[in-house]
Every structure is written in structure tokens, then in C-alpha cells.
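Down below is the structure, laid out as C-alpha cells.
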């Protein structure tokens with residue numbers, strides 16, 4: 021089955037490709053479809069944003085499409101950053117800008133009170149059929165960056181069970197526990213059960 025990844029984020033696409041390394045799925049990307057519309061993420065929830073991206077681009081390309089939206093939720097910030105995680109430091113913020121802002125905003129918060137979680141909602145859309153799954157990963161926000169891998173908030177998201185930040189993990193190690201991996205693995209299973217098991 022050919023499936024479109026509804027994202028222009030090269031880091032995210034690379035991560036999803038690692039998670040979907042299975043023979044029954046051929047992942048396609050938006051650079052194969054010139055003129056694809058830019059989808060404004062103006063929903064009130066992760067699900068709304070992910071569904072909008074998937075449905076708009078599925079209708080444009082005529083292909084089954086997967087999409088996701090991810091939030092970093094920090095308890096000391098009353099659940100923020102939420103749906104604004106990617107633009108926490110402003111509409112055109114870089115990864116570095118966002119990381120620096122959250123470190124600054126949490127500067128007075130002791131380590132024990134820096135609990136946070138990543139939450140991903142992944143959506144599959146095809147001919148008005150919608151499948152959605154969620155993945156959550158718990159951790160803490162550090163006072164400084166650690167590690168050179170990953171992207172986004174990975175250098176400050178510390179996973180106690182591993183004793184590392186996401187950015188200190190190999191791709192395989194991160195993808196064995198990450199929020200996005202959990203969501204997309206569940207989504208893949210649901211897609212497989214819906215489109216393949218039925219035929220047996």
C-alpha cells in the first residue's frame with residue numbers, strides 16, 4: 021500500500037520512515053507532488069490539526085495519507101506548550117529558539133517539579149475513513165541541553181528509565197520508546213488490520 025506522509029518536516033519524515041520499515045507499506049512524500057497546498061494548523065487539538073493535514077492532502081493527491089501533531093506538555097506550565105509547541109517562541113521560531121525559551125521559562129522551577137510528557141496523535145485518512153491513535157512518553161525538562169541527536173526539544177527531554185535525553189539516544193533506542201513511535205506503531209497495526217487482515 022502506498023501512503024503519503026503529510027509533512028514537510030524532514031526530521032519527522034525520517035523518523036516516521038524508520039518506524040514504518042515494513043514490506044506492506046510504501047511511504048511517499050510531498051516533494052513528489054508539486055503544488056501541494058500548505059495546510060494551516062489552526063485546530064483546537066492535536067487530533068484536529070492532524071486530521072486537517074491528512075484530509076486536505078489526501079484529497080489533493082488522491083492517496084491514503086498519514087499525519088500527526090505533537091505537543092510537549094509541561095506540568096509546571098499548566099500543560100503548556102500544547103498545540104503551540106512548534107511555535108512556542110514565535111511563528112517563525114527555530115528549534116533552538118523554542119528550547120531556549122522553555123529553559124528560561126522554567127529557570128525558577130526545581131528539578132523535581134519539571135515533569136513533562138510528549139503526546140502525539142497520528143491520523144490515517146482515506147476516502148473519508150479516519151483512523152487515529154495516540155502515543156505518550158513521560159519525562160522531565162532539563163536545565164541545559166544534552167546530546168547531539170534528534171530534533172526539536174529532544175536535547176532537554178530527559179527519560180529517567182533510560183538515564184538519557186532523547187538527543188543522547190540512538191535512533192533505534194529513541195524509536196523503541198518515543199511518543200511518535202508509539203502512536204505510529206499503533207496506527208500501522210490498525211491500518212494493517214483494516215486493509216490486510218480482512219482479505220485473509
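Numbering (the working numbering), first residue to last: 21 to 220. Built from N, CA and C at the ideal position, the CB exists for glycine as well.
Check, Outcome
"Less than 9 Å between the C-beta atoms of residue 136 and residue 155, yes or no?", "no"
"Going by DSSP in three states, residue 61 sits in which element: helix, strand or coil?", "coil"
"Which runs of the beta strand (DSSP E) fall wholly inside the stretch 67-109 and span at least 3 residues, in chain order?", "85-94"
"What first and last residue would you give for the beta strand (DSSP E) that runs through residue 46?", "46-49"
"Spatial neighbours of residue 76 within its chain, please: C-beta separation below 7 Å, excluding the five flanking residues on both sides.", "57, 59"
"Nearest by alpha-carbon distance to residue 157: which of 178, 147, 24 is it?", "178"
"What did DSSP end up calling residue 219 once you bin it into helix, strand or coil?", "Because residue 219 carries a pLDDT of 49, less than 50, the predicted location of this residue cannot be relied on, and the following value inherits that uncertainty. Residue 219 falls in the helix class under three-state DSSP."
"Buried or exposed: residue 147, going by 16 or more other Cβ atoms within 10 Å of its Cβ?", "exposed"
"What residue from 160, 28, 66, 117 has the CA that sits closest to residue 54's CA?", "28"
"Can you give me the C-alpha to C-alpha distance between residue 187 and residue 172, rounded to a whole angstrom?", "9 Å"
"Give the straight-line distance between the Cα atoms of residue 214 and residue 23, rounded to the nearest whole angstrom.", "14 Å"
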